[in-house]
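Heads up: the structure comes next, in structure tokens.
Residue numbers (our numbering): 890 to 1298.
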């Protein structure tokens, strides 16, 4: 009895009060990148097989398989896989015999990598305006400038048109002009894998050389890497020699010139092979995303989209809209900031190279079209895995900006 009484007199265990529940902020949607990688599903198996084979360096069966897959996708008979698209352009300039003091002409509306290797080789750049109907190098302007340069005996070593945002330039017209003056073409097709031009030919076909990119934001990615393609096997043989440190075929290390370490690793090549199998599906997805933007936003005052010529098929690697406040559209920067506040990445179109500080003083022809596109153009999220719900968020924000602009008018 005493035990029971003493046990009853023991203090009850203290049970702490539960901590007050603080209200949780509403869960924010995940950030939306501009053009993120989209895995095809077989990359891990390809990597495991490559690692198991023991081939990791830029050698063995995978780089060769990747080159064959690129050739099949583009129609180019000869392809060299490279460490980057910029490396491919650099090798292309070497193959065309570019030397210090030579001129290289390119479209002003492009990324700096188009011309950077040539400048680093001592070349002098000249920037030409783009055509309003394609946003790529203006063939008529090119013809006038080549005629003027030909009369002075100062033709460029190379002309470098750019296939912009997934759209092929009018390569037939550009080639007709360049052939008249004997100027070779190196086509920067980094943004246009899967695009077609006149006759259904792949972007870049018809140029002496074409460069492609497999950077992480491209429609097909290897996590990096690039390719140089040509119709002439001798050009690719020269590029391949330079890409492997210009090593001569000898038992020892023999060099008659210097080269570069521009080979693509087997690891990246394995990813690229898997990705290339999904190219047509990726093109279809990006074109559908562009069409949805155009349908939902095309009726807004002062808003238009990058045109597509009837003679080609753009991949719509990036969906690009123009916002003209003079016609009732919101300011491009206001739209970009509104998207950024919602965690949505967008980006102005390339700043024209003739306006870049690094090329201050470089000669240029025209430039008003490129400058206008830069002032009003905005690249919208275009990843091939973008869902309708995610795209609806983007569309809704742009529509809100449009209503605000109309209210201020």
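Glycine residues also receive a C-beta, built at the ideal position from the N, C-alpha and C atoms.
- Query: Does the stretch 947-962 touch the stretch 1014-1024, meaning 3 or more C-beta pairs lie closer than 8 Å?
  - Reply: no
- For residue 1039 versus residue 994, is the C-beta spacing smaller than 7 Å? no
- Can you tell me where the alpha helix (DSSP H) with residue 1271 in it begins and where it stops? Unbroken run through residue 1271: none, as it is neither H nor E.
- Item | residue 1062 versus residue 1068: straight-line alpha-carbon distance, rounded | 10 Å
- Query: Does the beta-carbon of residue 1147 have 16 or more other beta-carbons within 10 angstroms, so that it is buried, or is it exposed?
  - Reply: exposed
- Beta-carbon proximity of residue 1085 to residue 1201, cut-off 7 Å: yes
- Cβ pair count under 8 Å reaching 3, the stretch 1044-1055 against the stretch 996-1016: yes
- Just reading off the alpha helix (DSSP H) that residue 1155 is part of, what are its end residues? 1155-1165
- Message: Using the Cβ count rule (16 or more neighbours within 10 Å means buried), how would you classify residue 1247?
- Response: exposed
- Task: Spatial neighbours of residue 1280 within its chain, please: CB distance less than 7 Å, with the 5 preceding and 5 following residues excluded, ordered by chain position.
- Result: 1178 and 1181
- Find the nearest neighbour of residue 1129 within the set 1141, 1140, 1116 and 1287, judged by alpha-carbon distance. 1116
- Compute the Euclidean distance between the alpha carbons of residue 1145 and residue 938, then round it to the nearest angstrom. 37 Å
- Query: What's the C-alpha gap between residue 1030 and residue 1253?
  - Reply: 11 Å
- Please go through the same chain and pick out, in chain order, the residues whose beta-carbon is closer than 8 Å to the beta-carbon of residue 1296, but skip the five residues on each side of it. none
- Query: Which same chain residues, not among the five before or five after residue 1021, have their C-beta less than 7 Å away from its C-beta?
  - Reply: 1258
- Task: Using the Cα positions of residue 1293 and residue 1208, report the straight-line distance between them to the nearest angstrom.
- Result: 23 Å
- Nearest-angstrom Cα distance between residue 1113 and residue 1143? 30 Å
- Item | Span of the alpha helix (DSSP H) around residue 1102 | Unbroken run through residue 1102 is the beta strand (DSSP E), 1098-1102; no alpha helix (DSSP H).
- Message: Can you tell me whether residue 897 is buried or exposed? The criterion is at least 16 other CB atoms within 10 Å of its CB, across all chains shown.
- Response: With a pLDDT of 46 at residue 897, under the threshold of 50, the predicted position of this residue should be treated as unreliable, and no value is reported.
- Task: Quick one: measure Cβ to Cβ for residue 1271 and residue 923, integer angstroms, because I've assumed they're closer than 8 Å.
- Result: 7 Å
- Task: Check the DSSP bridge columns for residue 1016 and list the partner residues they point to.
- Result: 995 and 1253
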